[in-house]
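In the numbering used here, the protein residues as written are 66 to 218.
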Ligand code: HEC
């Protein structure tokens with residue numbers, strides 16, 4: 066193989082890998098089960114990472130409601146911040162590639178909403194407004210759970 070063929074081959078390989086990565090980034094590593102939720106196939110450790118993040122979201126939801134009940138806005142702020150964008154486990158590129166685009170979007174919207182709730186609590190917004198925002202956010206939890214499940218590869 067001469068030099069220019071080798072370069073061409075390298076470029077071709079690069080284009081193929083970029084296309085495969087792009088495909089996975091949008092579709093994720095999923096299998097369809099008729100009439101059921103779509104399963105996202107993950108390594109056991111990756112699945113555990115996402116589930117730990119989920120338990121964090123549940124803990125934040127509890128902390129926000131508890132704080133609102135006690136009118137403790139500092140607690141609301143802390144509980145919501147704990148599940149903000151900074152807490153997203155999705156920094157691992159291999160895991161990112163396995164999660165479908167719509168899953169990532171829904172997940173990010175929930176983390177973003179938690180940051181907004183934290184800011185609202187800091188700004189001393191009325192509890193009713195924060196409750197509405199939390200309720201809208203929980204609708205995303207419900208929608209996502211209705212659509213997806215996580216299975217070990
Ligand atoms: C982008 C999708 C998505 C969003 C948004 C989402 N979840 Fe999940 N969650 C999942 C999936 C998928 C599972 C695993 C379900 C399964 O495999 O049956 C899960 C599992 C869980 C679990 C079980 C954890 C465990 O250890 O087994 C809890 C608790 C949970 N989610 C809470 C929440 C809460 C609370 C919210 C919203 C504040 C939320 N989730 C938002 C997709 C999501």
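Glycine included, every Cβ here is placed at the ideal spot set by N, Cα and C.
Residue 80 and residue 158 have their C-alpha atoms roughly 18 Å apart. Cβ-Cβ distances below 8 Å link residue 182 to 129, 141, 145, 195, 198, 199, 202 in the same chain, with the five nearest sequence neighbours on each side left out; the list follows chain order. Residue state for residue 171 is assigned as helix, using DSSP reduced to three classes. Annotation for residue 78 indicates a beta carbon at 7 Å or more from all heavy atoms of ligand 1. No Cβ-Cβ contact shorter than 8 Å links residue 216 with residue 165. Taking each of 87, 191, 105, 84 in turn and checking the Cα distance to residue 136, the smallest one comes out for 191. Along the stretch 120–207, the alpha helix (DSSP H) occurs as fully enclosed runs of 4 or more residues at 138–146, 158–163, 166–187, listed in sequence order. A Cβ-Cβ distance of about 10 Å is found for the pair residue 205 and residue 176, leaving them out of contact under the 8 Å criterion. In this structure, residue 174 keeps its C-beta atom at 8 Å or more from the C-beta atom of residue 147.
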